[in-house]
Structures are given as structure tokens and as C-alpha cells.
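**Q** Quick note on my numbering: the sequence shown kicks off at 2 and runs consecutively. Each residue gets a CB set at the ideal place from its N, CA and C atoms; glycine is no exception. Have a look at the structure that comes next, please.
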Amino acid sequence: MMMFFATGAVGIVIGLSSFTPPNFKIMITFMGIINIGLGAFFTFIYLTQVQASPDKRKKKKKPKSDK
């Protein structure tokens, strides 16, 4: 997730800088925006996961005490 945000930010900065050739400016900037969108999507998917319930078959049973 952080990879998408970092490369998106770098892409936007490089795309808007003055040393980028004019024919690549808009493409690099759009690629940065797409990377930030992918980072947001995967962050949403990661944060809204449903926790898996533990397997009850693997749980160790307590021995019954005889009284």
C-alpha cells in the first residue's frame, strides 16, 4: 500500500516539475494519480477485512476432573 502512495507522490512531483519533457508531463502526472487511487483502494480493502474465526477443532480441550 505504501508503495502505491510513495510512487504516486513521486510521479506527481516529477510530472509537475520543470525538467520533465512537455510530452510526458500529463502522462506521468496521471500515472501518479492512478497509483494513489490504487493505494487508497487496497488500503480500504485491507482495513475492511473480516477477521476469520479461530478453528474450534484445534483448540485444546481441558481435561475433566473427577469428583
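Anyone know if the C-beta pair for Gly12 and Met28 falls short of 7 Å?
**A** The count along the sequence shown starts at 1 and reaches residue 12 at position 11. The count along the sequence shown starts at 1 and reaches residue 28 at position 27. No, the Cβ-Cβ distance between Gly12 and Met28 is not below 7 Å.
**Q** Please classify Thr49: does DSSP put it in a helix, a strand, or coil?
**A** Position 48 of the sequence shown, counted from the start, is the residue given in the question as residue 49. Here Thr49 sits in coil by DSSP.
**Q** Under the assumption that Gly40 contacts Gly9 (Cβ atoms under 8 Å), give the Cβ distance between them as a whole number of angstroms.
**A** For the purposes of this step, residue 40 is identified with residue 39 of the sequence shown, where counting begins at 1. For the purposes of this step, residue 9 is identified with residue 8 of the sequence shown, where counting begins at 1. That belief holds up - the Cβ atoms of Gly40 and Gly9 are roughly 6 Å apart, short of 8 Å.
**Q** With the cut-off set at 7 Å, would you say Met2 and Phe43 are in Cβ contact?
**A** Your numbering for residue 2 matches position 1 in the sequence shown. Your numbering for residue 43 matches position 42 in the sequence shown. Yes, they are a contact pair.
**Q** According to the neighbour-count rule (16 or more other Cβ atoms, all chains shown, within 10 Å of its Cβ), is Asn24 buried or exposed?
**A** Counting from one through the sequence shown, the residue named residue 24 turns up at place 23. Asn24 comes out exposed.
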